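Student: Numbering follows the numbering used here, with no gaps: position 243 of the sequence shown is 243. For each residue, glycine too, the CB sits at the ideal point set by N, CA and C. As the structure is a computational prediction, the values presented were derived from the model and not from experiment.
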Amino acid sequence: MQQNKYIKWFAVAATIGMLLILLGGALVTKTDSGLGCGRNWPDCNGKLIPDNITTEVLIEFSHRLVTGVVGILIVVLAVWAWRKFGHVRETKFLAVMAVFFLLLQALIGAAQVLWGQGDFILALHFGISLLSFASILLLTLLIFEVDRKFDADRLQIGKKLRFHTIGVTLYSYLVVYTGALVRHTDSSLVCSDWPLCRNDTFALPSNMYEWVQMGHRAAAGLIVIWLGYIAWHAIKQYKDQRVIYWGWSIAFIIVLLQATTGMLVVLTKLNLVVALLHSLLISMLFGLLCYMVLLVSRSRIKKSS
């Protein structure tokens, strides 16, 4: 029993740590600190610990340090969970995915520092980190036996909700990618107004940067509508299954906040706090959507939906 307590605290620490990696990576991108340590990796400007500390060096070096420490936590958690909860169906898969995507995002970050990468490749960096975060979050929820508390094995989910759950989760990853592409192509402020690129005239985007920005806005608008429909369906059809009822209600609230912060990022001209909150909300939303997929995989098919 005492050992269960330790692994639970360890899992929480790893989850929070991975979230810090996500936000740290977003901070590096938003402050253009990616080359704060020059073209050096894993050392910083030719030294193990930099002595000339600038803002860019501090941000980049801190991100590397946090990634290294949290990476060790995640590997330990994966091995610990594998040995202790390996009998739970999803544990081994999630443990492998958490470590694999953590290493992959670290290698992409290192490759960017050493050789540079194209914008479309760099846009994958945040998404890959997000997959690692979702894996660790689900692993933590399994360790806390949250699925048992919600009677996941007794849930009955109709084919319609199953389809929408998997579909909107996959689509959310596309929205994440387009958002990362906005940052890495420096398209964040190419459109000065909202919701149109320029509210005084209606016209199609005139260059690649406007297409990237407006493409992301269109993708984000669609996911708001989609999650609104799913939430309405869940509230109407699943009042007796509180994890479904509240899960989709919370998902809709988060996506509304996400859309609001996206608007404010433009209107505040890339305010750093708002931009980081934008990244935090999409991380929370994606983690929740992945948990809803887990519930779908464990539930029985509801005959009428």
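If you count every other CB in all the chains shown that lies within 10 Å of the CB of Thr261, and 16 or more means buried, which is it?
Tutor: It is buried - the Cβ of Thr261 has at least 16 other Cβ atoms within 10 Å.
Student: Find the nearest neighbour of Phe93 within the set Leu142, Lys47 and Thr31, judged by alpha-carbon distance.
Tutor: Leu142
Student: Would you check if the stretch 16-27 and the stretch 262-282 touch, i.e. whether three or more CB-CB distances between them fall below 8 Å?
Tutor: yes
Student: Would you kindly check if the distance between the Cβ of Leu289 and the Cβ of Thr169 is under 7 Å?
Tutor: yes
Student: If I measure Cβ to Cβ from Gly228 and keep anything under 7 Å in the same chain, skipping five residues before and after, which residues do I get?
Tutor: Phe252
Student: My guess is that Asn40 and Gly46 are in contact by the Cβ rule of under 8 Å, so how many angstroms apart are they, rounded?
Tutor: 6 Å
Student: Would you grab the beta carbon distance between Ile244 and Ala234 for me? Rounded to a whole angstrom, and I think it's under 8 Å.
Tutor: 5 Å
Student: Taking the alpha carbon of Ser297 as the reference point, which residue from Ile166, Lys84 and Gly287 has its own alpha carbon closest?
Tutor: Ile166
Student: Span of the alpha helix (DSSP H) holding Gly247?
Tutor: Arg242 to Leu267
Student: Closest to Leu174 by C-alpha separation, out of Lys8, Pro195, Leu20 and Phe126, would be which residue?
Tutor: Ranking Lys8, Pro195, Leu20 and Phe126 by Cα distance to Leu174 puts Phe126 first.
Student: Taking all protein chains shown into account, do 16 or more other C-beta atoms lie within 10 angstroms of the C-beta of Ala11, making it buried, or fewer, making it exposed?
Tutor: buried
Student: Flag this pair as yes or no: are the beta carbons of Leu189 and Val212 separated by less than 7 Å?
Tutor: no
Student: Output the distance between the C-alpha atoms of Val66 and Phe202, rounded to the nearest integer angstrom.
Tutor: 45 Å
Student: For His184, I'd like the list of residues in its chain whose CB is within less than 6 Å of its CB, leaving aside the five on either flank, ordered along the chain.
Tutor: Asp119, Leu122 and Ala123
Student: What first and last residue would you give for the alpha helix (DSSP H) that runs through Gly68?
Tutor: Thr55 to Phe85
Student: Can you tell me which of Leu137, Leu138, Ala219 and Ile72 puts its alpha carbon nearest to the alpha carbon of Ala318?
Tutor: Coverage of the chain is limited to positions 1 through 305, which leaves residue 318 absent and any answer about it impossible.
Student: If you draw a straight line from the C-alpha of Phe144 to the C-alpha of Leu270, how long is it?
Tutor: In a straight line, the C-alpha of Phe144 is about 38 Å away from that of Leu270.
Student: Do Ser132 and Ala98 count as a contact pair if the criterion is CB distance below 7 Å?
Tutor: yes
Student: CA-CA distance, Lys160 and Leu281?
Tutor: 26 Å
Student: May I ask you to report which of helix, strand or coil DSSP gives Gln309?
Tutor: Nothing in the structure corresponds to residue 309, since the chain is present only between 1 and 305.
Student: Assign Pro50 to one of two classes, buried (16 or more other C-beta atoms within 10 Å of its C-beta) or exposed (fewer than that).
Tutor: Burial is judged here by how many other beta carbons sit within 10 angstroms of a residue's own beta carbon; Pro50 has at least 16 and is buried.
Student: Can you give the Cα-Cα distance for Ser209 and Leu138, rounded to whole angstroms?
Tutor: For the sequence presented, residue 209 should be read as Tyr rather than Ser. One Cα belongs to Tyr209, the other to Leu138, and the distance between them is close to 36 Å.
Student: Looking only at C-alpha atoms, which of Val265, Met292, Val266 and His216 sits nearest to Trp246?
Tutor: Closest option to Trp246, Cα to Cα, is Met292.
Student: Using only the alpha-carbon positions, how far apart do Leu267 and Val255 sit?
Tutor: When the Cα atoms are used, Leu267 and Val255 turn out to be separated by approximately 18 Å.
Student: Buried or exposed: which applies to Trp248, given that a residue is buried once 16 or more other Cβ atoms fall within 10 Å of its Cβ?
Tutor: buried
Student: Tell me the start and end of each unbroken alpha helix (DSSP H) in the stretch 90-157 that is at least 4 residues and wholly inside, in chain order.
Tutor: 91-114, 119-143 and 146-149
Student: Below 7 Å between beta carbons: does that hold for His164 and Ile230?
Tutor: With contacts defined as CB atoms closer than 7 Å, His164 and Ile230 qualify as a contacting pair.
Student: I'd like to know whether the C-beta atoms of Gly36 and Val57 end up nearer to each other than 7 Å.
Tutor: yes
Student: Just grab the DSSP bridge partners of Lys47 for me.
Tutor: Cys44
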